[in-house]
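8 is the number of the first residue of the sequence shown in the numbering used here; add one for each residue after it.
We treat Cβ as the ideally placed atom computed from N, Cα and C, and that holds for glycine.
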Amino acid sequence: MRAPDPEPDPAKAALERAMATALAATLAWLTDDPDQIRHLTGLFEAWLRREAVTDALYPLLDPSNDATIDLEALTAEFSAAGWSAADLGQAKSFGEIVAHLVEQFARFAEKEAIFQEPIKIAYLRLLAGRLRDLVETGQRTAESLEAIQKLLAPYYPLDLDRIERAYLQGLYQACNELPLARDERADPANQGPRLQRVYVTLALDGEPTLQRVLRRLRVDHPADAERVTATIQQLLQKANPEAPSFLATLRSGRWGAFVRSLWERKIDDPDEQGTALLAAIRRLEKEQFTALAKALHLSSDDLQDALANLTPLEALSEYGQIVILGDPGSGKSTLTQRLAAVLAAVGSEDQTLLQDLSTYEQREIDTILHTFGRRLLPMR
Numbered sequence: 008m009r010a011p012d013p014e015p016d017p018a019k020a021a022l023e024r025a026m027a028t029a030l031a032a033t034l035a036w037l038t039d040d041p042d043q044i045r046h047l048t049g050l051f052e053a054w055l056r057r058e059a060v061t062d063a064l065y066p067l068l069d070p071s072n073d074a075t076i077d078l079e080a081l082t083a084e085f086s087a088a089g090w091s092a093a094d095l096g097q098a099k100s101f102g103e104i105v106a107h108l109v110e111q112f113a114r115f116a117e118k119e120a121i122f123q124e125p126i127k128i129a130y131l132r133l134l135a136g137r138l139r140d141l142v143e144t145g146q147r148t149a150e151s152l153e154a155i156q157k158l159l160a161p162y163y164p165l166d167l168d169r170i171e172r173a174y175l176q177g178l179y180q181a182c183n184e185l186p187l188a189r190d191e192r193a194d195p196a197n198q199g200p201r202l203q204r205v206y207v208t209l210a211l212d213g214e215p216t217l218q219r220v221l222r223r224l225r226v227d228h229p230a231d232a233e234r235v236t237a238t239i240q241q242l243l244q245k246a247n248p249e250a251p252s253f254l255a256t257l258r259s260g261r262w263g264a265f266v267r268s269l270w271e272r273k274i275d276d277p278d279e280q281g282t283a284l285l286a287a288i289r290r291l292e293k294e295q296f297t298a299l300a301k302a303l304h305l306s307s308d309d310l311q312d313a314l315a316n317l318t319p320l321e322a323l324s325e326y327g328q329i330v331i332l333g334d335p336g337s338g339k340s341t342l343t344q345r346l347a348a349v350l351a352a353v354g355s356e357d358q359t360l361l362q363d364l365s366t367y368e369q370r371e372i373d374t375i376l377h378t379f380g381r382r383l384l385p386m387r
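So this is what it looks like as structure tokens:
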């Protein structure tokens, strides 16, 4: 009498079902050609029956196992079965195919009832171990924080104002160096010329408006502006009674209204009458120009400076963004660096640094702060 066949191992049967389903899903992922699927099924089924392949793949189900895919060994087993991984003819590499197969195998194995509880238990054990590691790490972190607090205790509370002042003082010194004259053997903070002593004013081609000229002359009120412009026009009319047409505005009594209207527009908005007035001043002979300056209680140089083209700071305050063009070495970066130095001096409130600024810079600090606030320019 023939002995009955042994009962199949339920776990083994479940593993084989999961692997068969995973293989089918992987091959469907690779191609939709039925002939190719049949061909590849035969190759991979023979490969999966090899003991070394089974030993390499099945332990990956255990989440607490640190095992990784030994691709070199699996490729060697594929070759030992009589095939070459390079001959699969697929767009995916052999490693990608194996990785996808393992992913599908784990997914389908979890659906097998016989593995659900063991896998859950393994996951719980893994989670418990990780929680234990987290607790130990947290304890070490707390101890480190306590040590840091003890180390910093003598410095608490931090004087942020003092730290900021020190930073701004250092920034001023760094921006005040003159790289071309730097002597590497000496301390640049104490040796060599400083930047503001060799600073060259950039020339712009934009002419000022009448309101800008009046502001340069410290005429900040419409009533004062009427008085100053009336004085200017009287001298211009005396110098050339027939020229410019803007004098008709004075004779009609509308000049005061025009001057008052200047304060209702932006400082650099052009106006025809103001432009004509400034052009007439520039056309004066030297003696006439000197007489006009004297009538305004100014020197000829001060009046000439008031009529000069816009400065870079004035242009920046008006337009917000400005493109500085020039040949290499013409001073584009130097201007930016110097503005940062001036702002650092103002922000530090260090009287030594403030006194170190040039006369022009001290006079223009209000314009600089109006333009940039107390923000330092980005330096590159």
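Buried or exposed for Asn316, please, with buried defined as at least 16 other CB atoms from any protein chain shown within 10 angstroms of its CB.
Burial state of Asn316 is exposed, judged by a 10 Å Cβ sphere holding fewer than 16 other Cβ atoms.
CA-CA distance, Pro229 and Glu356?
Here the alpha carbon of Pro229 sits roughly 34 Å from the alpha carbon of Glu356.
What would DSSP say about Ala88, mapped onto helix, strand or coil?
Residue state, collapsed to three classes: coil.
Through-space distance from Glu117 to Asp42, alpha-carbon basis:
Asp42 and Glu117: Cα-Cα distance of roughly 30 Å.
Is Val330 buried or exposed, if buried means 16 or more other CB atoms sit within 10 Å of its CB?
Classification for Val330: exposed.
Are the region 98 to 111 and the region 31 to 46 touching, with three or more C-beta to C-beta distances below 8 Å?
Inter-segment contact for the region 98 to 111 and the region 31 to 46 is present: three or more beta-carbon pairs are separated by less than 8 Å.
So, with DSSP's three-state summary, where would you put Pro335?
If DSSP states are grouped into helix, strand and coil, Pro335 belongs with coil.
Ile372 by DSSP, collapsed to three states: which one?
In the structure shown, Ile372 sits in a helix (DSSP, three-state: H, G or I).
If we call anything under 7 Å between Cβ atoms a contact, is Leu221 one with Ala232?
It is a contact, given that the beta carbons lie within the stated cut-off.
I need the boundaries of the alpha helix (DSSP H) containing Pro161, first residue and last residue.
Careful: Pro161 lies outside any alpha helix (DSSP H) and carries neither H nor E.
With respect to the alpha helix (DSSP H) encompassing Gly102, which residues constitute its N-terminal and C-terminal limits?
Boundaries of the alpha helix (DSSP H) around Gly102: 101 to 116.
Among Gly354, Cys182, Asp312, Tyr367, which residue has its Cα nearest to the Cα of Ile170?
Sorting Gly354, Cys182, Asp312, Tyr367 by C-alpha distance to the C-alpha of Ile170 places Gly354 at the top.
Residue from Ala348, Glu79, Gln218 with nearest C-alpha to Val60
Of Ala348, Glu79, Gln218, the residue nearest in Cα terms is Glu79.
Considering only the alpha carbon of each residue, which of Pro17, Phe85, Thr28, Leu305 lies closest to Arg223?
Closest by alpha carbon: Leu305.
Glu119 beta carbon less than 7 Å from that of Ala29
No, these two residues do not count as a Cβ contact at 7 Å.
Can you find the residues in the same chain that come closer than 8 Å, C-beta to C-beta, to Ala352, ignoring five residues on each side of it along the sequence?
Cβ within range, chain order: Leu175, Tyr179, Leu360, Leu361, Asp363, Leu364.
Best match in Thr38, Ala287, Ala27, Ala63 for proximity to Glu52 [C-alpha to C-alpha]
When each option's Cα is compared against that of Glu52, the closest is Ala27.
With a threshold of 6 Å on Cβ separation, who are the neighbours of Lys339 within its own chain once the five nearest residues in sequence on each side are excluded?
Correct list, in chain order: Ile331, Gly333.
Assigned exposure category for Glu58 - 16 Cβ within 10 Å defines buried
Around the Cβ of Glu58, a 10 Å sphere holds fewer than 16 other Cβ atoms; the residue is exposed.
Val349 and Glu321 closer than 7 Å at C-beta:
No, the Cβ-Cβ distance between Val349 and Glu321 is not below 7 Å.
Coarse secondary structure for Val330, derived from DSSP in three states
The three-state secondary structure of Val330, taken from DSSP, is coil.
Could you pull out every unbroken alpha helix (DSSP H) segment of at least 4 residues lying fully inside the region 23 to 69, listed in chain order?
If we require 4 residues or more, the alpha helix (DSSP H) runs fully inside the region 23 to 69 come out as 41 to 55, 58 to 64.
Buried versus exposed, by CB contacts within 10 Å (16 or more), Leu47:
So Leu47 ends up on the buried side.
DSSP three-state label for Arg290, please.
Correct three-state label for Arg290: coil.
Candidates Leu81, Gln241, Gly213, Ser337: which alpha carbon is nearest Ala298's?
Closest in C-alpha terms to Ala298, from the list Leu81, Gln241, Gly213, Ser337, comes Gln241.
Through-space distance from Ser151 to Ala20, alpha-carbon basis:
Their backbone Cα atoms lie some 53 Å apart in a straight line.
Please list the terminal residues of the continuous alpha helix (DSSP H) segment that includes Leu364.
For Leu364, there is no enclosing alpha helix (DSSP H), as DSSP gives it neither H nor E.
For Thr341 and Leu159, the rounded distance between their alpha carbons
So the alpha carbons of these two residues sit roughly 40 Å apart.
Exposed or buried, what is Glu371 when buried is set at 16 or more other beta-carbons lying within 10 Å of its beta-carbon?
Buried: at least 16 other Cβ atoms inside 10 Å.
Could you give the distance in angstroms between the alpha-carbon of Ala313 and the alpha-carbon of Thr366?
The alpha-carbon of Ala313 is positioned some 16 Å away from that of Thr366.
In the structure shown, what three-state DSSP assignment does Arg225 receive?
Correct three-state label for Arg225: coil.
Pop quiz: Ile239 and Leu284 are said to be a contact at Cβ under 8 Å. What is the actual Cβ separation, rounded to whole angstroms?
With a Cβ gap of about 7 Å, Ile239 and Leu284 count as contacting.
Helix or strand or just coil, what does DSSP make of Ser306?
In the three-state scheme derived from DSSP, where H, G and I count as helix and E and B as strand, Ser306 is classed as coil.
Residues in the same chain with beta-carbon distance under 7 Å from Trp90, minus the five sequence neighbours each way, listed in chain order, please.
Here the set comprises Leu50.
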